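J.:
Numbering (the working numbering), first residue to last: 1 to 188.
(1) If you draw a straight line from the C-alpha of residue 43 to the C-alpha of residue 115, how long is it?
(2) According to DSSP, which residues form a beta bridge with residue 17?
(3) Would you call residue 35 buried or exposed, if buried means 16 or more other Cβ atoms sit within 10 Å of its Cβ?
(4) With burial defined as no fewer than 16 other Cβ atoms inside 10 Å of the residue's Cβ, what is the status of residue 33: buried or exposed?
(5) Is residue 48 near residue 19, with beta carbons less than 8 Å apart?
(6) Using CA coordinates, which residue listed in 150, 6 and 124 is at the minimum distance from residue 25?
(7) How would you call residue 16, buried or exposed, if buried means at least 16 neighbouring beta carbons within 10 angstroms?
(8) Per DSSP, residue 44 is paired with what?
(9) In the DSSP assignment, find the unbroken beta strand (DSSP E) run with residue 154 in it and report its ends.
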């Protein structure tokens with residue numbers, strides 16, 4: 001896997017993970033990569049700081065480079081499902097979503113501020129809907145999602161927390177779930 005810094009024609013910057021450089025090139029040429037901010041599919045690589053490997057990381061980098069060079073020397077394999085770019089990590093959200101709009105830089109237009117406010121309103125509505133119609137299972141989310149997936153529990157909406165490792169395992173098992181940006185409550 002390789003990480004690229006990307007940008008759209010509006011200069012929104014984000015990161016994306018790809019199987020290799022060729023996978024990025026194929027997806028970019030086919031307009032399969034979209035900006036997570038505006039949806040633009042005119043994506044290019046953005047400059048990024050070099051990664052300096054030390055100790056164990058250097059050995060991992062060497063192993064990855066060897067694997068990629070061996071892969072380049074081997075006959076072509078059927079294409080895997082396209083990699084979906086990873087949206088950029090979001091900063092911690094302020095306690096009050098209205099503060100998000102207020103904290104935007106002065107260069108942001110009124111139209112963009114209204115769009116951000118609408119997204120924040122919709123995310124707050126998503127939280128209210130999930131909390132009122134689904135069962136909170138806390139850190140038992142992965143276990144309960146598996147039970148539902150394998151028919152060991154009645155199907156129902158659930159929400160809770162899962163570690164990165166549990167998320168990866170659920171994906172590998174084909175368990176369907178969605179991550180939701182969870183806004184802080186403003187009514188507490």
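Backbone N, C-alpha and C define an ideal beta-carbon position, used for all residues, glycine too.
Bear in mind that the values here come from a model prediction, so they are computed numbers and not experimental data.
T.: Answer, in terms of the structure:
(1) The residue given as residue 43 occupies position 43 in the chain shown. The residue given as residue 115 occupies position 115 in the chain shown. The straight-line gap from Cα to Cα measures roughly 22 Å.
(2) As a first step, residue 17 must be located in the chain shown, where it is residue number 17. Per DSSP, 3.
(3) Taking the chain shown and counting its residues from 1, one reaches residue 35 at position 35. By the 10 Å Cβ count, residue 35 comes out buried.
(4) What you label residue 33 is simply residue 33 of the chain shown in a count that begins at 1. Answer is buried; the Cβ neighbour count reaches 16.
(5) Taking the chain shown and counting its residues from 1, one reaches residue 48 at position 48. Taking the chain shown and counting its residues from 1, one reaches residue 19 at position 19. Cβ distance not < 8 Å, so residue 48 and residue 19 don't count as in contact.
(6) To locate residue 25, count along the chain shown from 1; it is residue 25. Per the Cα distances, 6.
(7) Taking the chain shown and counting its residues from 1, one reaches residue 16 at position 16. Answer is buried; the Cβ neighbour count reaches 16.
(8) Reading the chain shown from its first residue, position 44 is the one you call residue 44. Beta-bridge pairing links residue 44 to 7.
(9) For the purposes of this step, residue 154 is taken as the residue at position 154 of the chain shown. First-last for residue 154: undefined, no H or E at that position.
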